[in-house]
Amino acid sequence: MLEHSDINLPIIIIGAGIAGIACAKKLQENGKKVTILEARSRIGGRIDSLQSDADVFDLGASWIHGVEGNPIWKITQENHIETTVFNYDKSQYFHENGLLFSDKEVHEFESYVEEIEKQLSQTQTLSALNATEEIISSLHYSGNTFSKDYLKKLLFNFFNRIANDPFATNLELLSSNYKNYEGYFEGDEVIFPNGYAQVIDVLSKKIDIQFNIDVKKIICENDYVKIIDSNDNFYIASRVVVTVPLGILKKNHIAFYPALPHHYAQSIQDIGFGSFNKVFFELEQPLSFRSKMPIDKISDFYWNELGCFNILDLSGIYKKPIYLMLFGGKQSEFIDNSADHEISNFIFSSLQKQFNNIPHTPKKLIVTRWGSDPYSYGSFSFPSLKHSEDIVKVLHKPIREQIFFAGEHCSLKYAGTVHGAYLNGDATAQKILAEVPLI
1 MLEHSDINLP
11 IIIIGAGIAG
21 IACAKKLQEN
31 GKKVTILEAR
41 SRIGGRIDSL
51 QSDADVFDLG
61 ASWIHGVEGN
71 PIWKITQENH
81 IETTVFNYDK
91 SQYFHENGLL
101 FSDKEVHEFE
111 SYVEEIEKQL
121 SQTQTLSALN
131 ATEEIISSLH
141 YSGNTFSKDY
151 LKKLLFNFFN
161 RIANDPFATN
171 LELLSSNYKN
181 YEGYFEGDEV
191 IFPNGYAQVI
201 DVLSKKIDIQ
211 FNIDVKKIIC
221 ENDYVKIIDS
231 NDNFYIASRV
241 VVTVPLGILK
251 KNHIAFYPAL
261 PHHYAQSIQD
271 IGFGSFNKVF
281 FELEQPLSFR
291 SKMPIDKISD
301 FYWNELGCFN
311 ILDLSGIYKK
321 PIYLMLFGGK
331 QSEFIDNSAD
341 HEISNFIFSS
351 LQKQFNNIPH
361 TPKKLIVTRW
371 GSDPYSYGSF
381 SFPSLKHSED
391 IVKVLHKPIR
401 EQIFFAGEHC
411 SLKYAGTVHG
421 AYLNGDATAQ
431 KILAEVPLI
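Residue numbering for the sequence shown follows full-length UniProt numbering, starting at 1 and increasing by one per position.
Following this line, the structure appears as structure tokens:
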């Protein structure tokens, strides 16, 4: 425990993402001296809003996943931040030949998806890959709109797509009971026409944040914690809250002295953490295959020899033909390691095989590469084959009452979300306040 003479040392938070900022805000509101050390030259972490000409693109987090009871929604309302409803659960489906599914095909396909999800929630098989294969093979196919083999292929690729988005991984790495960890609130999903960073901006006011400080070592002494950055500068704290992305911890980017206890290090490795990337593209003319689509159907799934892909139509937001493709798992790793022209060729050559009047190149292309980002090494956590609440709870326990962990990967109910990161950062601050006397 800290001696009384050391109480005036600041609490240092590593990382100015929403978990770190939420933690700092709560501590500061309760009279604590707080400093955030941030490796980047900006706040937000995996919330990153890019201004490009007159448009704003959210390169990281985009959605408030359900507005009912969601603390992020409350923040937007209290601060009059503009949002737009963007539910993409109403989808269109396209065959490999580019033809749209008929209403009958949609009904049959979605009924099988629901049945597989129901059985997945009850399976004892750990791997989502093995469980999905077993369920698809054992299903009784009573419909007559698809051939059995073709339907099985569609379903398998669709479920691998679910592993990609929203879980940023592949079926073979995903827990079969993943639905239990999809921590969204009820109600509409909304996005920010002027960027998610607005939320970070209002939360971070009056917080002391120091930028371009890449923490390399955290050293626990008897009554203080010493932090050393990449330039060998050091900082002294009473307590340290580590809110860096899980990918940073997995890479041992920060060395701990003494070394982390084995069960902490094991938990860090056992919690899944995947790459998830976005490709925005603007065209001269709208995609022709969407010309007669209902206005509320903004999500298109299409299949080809490489799997199942999804395009989101953002033209209603930007008032111009701008589209978004989301990539997770192995597809995202391809994005991480490819040049823009290779990505453009990959997307447009595959579209040209299925649809008419597809351009060869976009007017504008914006690509994220979170998996190769040296300050994240990935996008967000997912339930791996080894996942359990007990593994996550290990990170809830401070080390020597000096080092605390916080972030979306530490959330039991809302991992992989902004609201999960926010709530966990706030809860970590409350944990510290319960132990540290106010002055």
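Note that beta-carbon positions come from the ideal geometry of N, C-alpha and C, so glycine has one too.
### Query
Using CA coordinates, which residue listed in R42, L314 and D270 is at the minimum distance from L173?
Counting from 1 along the sequence shown, the entry for residue 173 is found at position 173. Measuring from the Cα of L173, the nearest candidate turns out to be D270.
#### Entry: Beta-carbon proximity list for D426, same chain, < 6 Å, skipping 5 on both sides
By one-based count along the sequence shown, residue 426 stands at place 426. Answer for D426: A22 and K26, listed in chain order.
### Best match in G329, I358, N222 and N252 for proximity to residue 442 [C-alpha to C-alpha]
Nothing about residue 442 can be reported from this structure: the residues present for the chain run from 1 to 439 only.
### Task
Using a Cβ cut-off of 8 Å (strictly closer), state whether L50 contacts chain D.
Absent from the structure is chain D; it holds one protein chain and no more.
### Query
According to the neighbour-count rule (16 or more other Cβ atoms, all chains shown, within 10 Å of its Cβ), is E189 buried or exposed?
On the sequence shown, residue 189 is found 189 positions in, with the first residue counted as 1. Per the 10 Å Cβ criterion, buried.
### Query
Got a sec? Which residues, its chain only, sit under 8 Å from Q28 by beta carbon, not counting five neighbours each side?
Within the sequence shown, numbered from 1, the residue matching residue 28 stands at position 28. The residues are V34, K206 and I207.
### For L306 and E408, the rounded distance between their alpha carbons
By one-based count along the sequence shown, residue 408 stands at place 408. By one-based count along the sequence shown, residue 306 stands at place 306. If you take the alpha carbons of E408 and L306, they lie about 31 Å apart.
### Task
Return the first residue and the last residue of the alpha helix (DSSP H) that Q352 is part of.
For this step, residue 352 is matched to residue 352 along the sequence shown. Looking at the DSSP string, the run of the alpha helix (DSSP H) that includes Q352 is D340 to Q354.
### Task
Label Y323 either buried or exposed according to how many other C-beta atoms from any shown protein chain fall within 10 Å of its C-beta, with 16 as the threshold for buried.
Here residue 323 is taken as the residue at index 323 of the sequence shown, counted from 1. Per the 10 Å Cβ criterion, buried.
### Query
Taking buried to mean at least 16 other C-beta atoms within 10 Å of its own C-beta, is R46 buried or exposed?
Reading the sequence shown from its first residue, position 46 is the one you call residue 46. That one is buried.
### Query
Less than 8 Å separating the beta-carbons of S204 and Y224?
What you label residue 204 is simply residue 204 of the sequence shown in a count that begins at 1. What you label residue 224 is simply residue 224 of the sequence shown in a count that begins at 1. For S204 and Y224, no; Cβs fall outside 8 Å.
### Message
For F185 and V56, which I take to be in contact (beta-carbon distance under 8 Å), what is that distance rounded to the nearest angstrom?
### Response
Here residue 185 refers to the residue found at position 185 when the sequence shown is read from its first residue. Here residue 56 refers to the residue found at position 56 when the sequence shown is read from its first residue. The pair is not a contact, with the Cβ atoms about 24 Å apart (cut-off 8 Å).
### Query
Of the choices D89, H419 and A429, whose alpha-carbon is the least far from that of I200?
The residue you call residue 200 lines up with position 200 of the sequence shown. Considering only alpha carbons, the answer is H419.
### Query
With respect to the alpha helix (DSSP H) encompassing S111, which residues constitute its N-terminal and C-terminal limits?
Translated into the one-based positions of the sequence shown, residue 111 becomes position 111. D103 to L120 is the extent of the alpha helix (DSSP H) around S111.
### Selected residue, minimal CA-CA separation from S176, among P383, F301 and A339
Counting from 1 along the sequence shown, the entry for residue 176 is found at position 176. It is P383 whose Cα lies nearest to the Cα of S176.
### Task
Go ahead and label A421 buried or exposed: buried means 16 or more other beta carbons lie within 10 angstroms of its beta carbon, across all protein chains shown.
For the purposes of this step, residue 421 is identified with residue 421 of the sequence shown, where counting begins at 1. Burial call: buried.
### Query
Just curious, the alpha helix (DSSP H) that S372 is in, first and last residue?
Taking the sequence shown and counting its residues from 1, the one referred to as residue 372 is at position 372. First-last for S372: undefined, no H or E at that position.
### Message
Any contact between the region 88 to 108 and the region 138 to 147? By contact I mean 3 or more CB pairs, one from each, below 8 Å.
### Response
yes
#### Entry: Cβ neighbour criterion (16 or more within 10 Å) applied to L412
Position 412 of the sequence shown, counting from 1, holds the residue named residue 412. So L412 ends up on the exposed side.
### Query
CA-CA distance, S379 and M325?
In the sequence shown, residue 379 corresponds to position 379, counting from 1. In the sequence shown, residue 325 corresponds to position 325, counting from 1. If I take the Cα positions, the gap works out to 16 Å.
### Message
Suppose you measure from the CA of L100 to the CA of N424; what does that come to, to the nearest Å?
### Response
Numbered from 1 along the sequence shown, position 100 holds the residue referred to as residue 100. Numbered from 1 along the sequence shown, position 424 holds the residue referred to as residue 424. If I take the Cα positions, the gap works out to 43 Å.
### Message
Here's a check: name, in chain order, each residue in its chain whose Cβ is nearer than 6 Å to the Cβ of E3, leaving out the five neighbours to either side.
### Response
Here residue 3 refers to the residue found at position 3 when the sequence shown is read from its first residue. In this prediction, E3 has a pLDDT of 46, which is less than 50 and means its spatial position is unreliable; what the coordinates show is noted afterwards. Answer for E3: D223, listed in chain order.
### Task
Check the C-beta distance from S49 over to A197 and give it rounded, since I have them as a contact under 8 Å.
Counted from its first residue, the sequence shown places residue 49 at position 49. Counted from its first residue, the sequence shown places residue 197 at position 197. Confirmed, Cβ separation roughly 4 Å.
### Query
Counting pairs of Cβ atoms below 8 Å between the region 362 to 377 and the region 238 to 251, do you hit three or more?
yes
### Message
Tell me the DSSP secondary structure of I18 in three-state form.
### Response
As a working note, residue 18 is residue 18 in the sequence shown. Helix at I18.
#### Entry: Nearest neighbour of I43, chosen from T361, V202 and F355 [CA to CA]
Position 43 of the sequence shown, counted from the first residue, corresponds to residue 43. Measuring from the Cα of I43, the nearest candidate turns out to be V202.
### Neighbourhood of D165 by C-beta, 6 Å cutoff - its chain only, sequence neighbours within 5 removed
One-based indexing of the sequence shown puts residue 165 at position 165. Cβ neighbours of D165 beyond the five flanking positions: L326 and G328.
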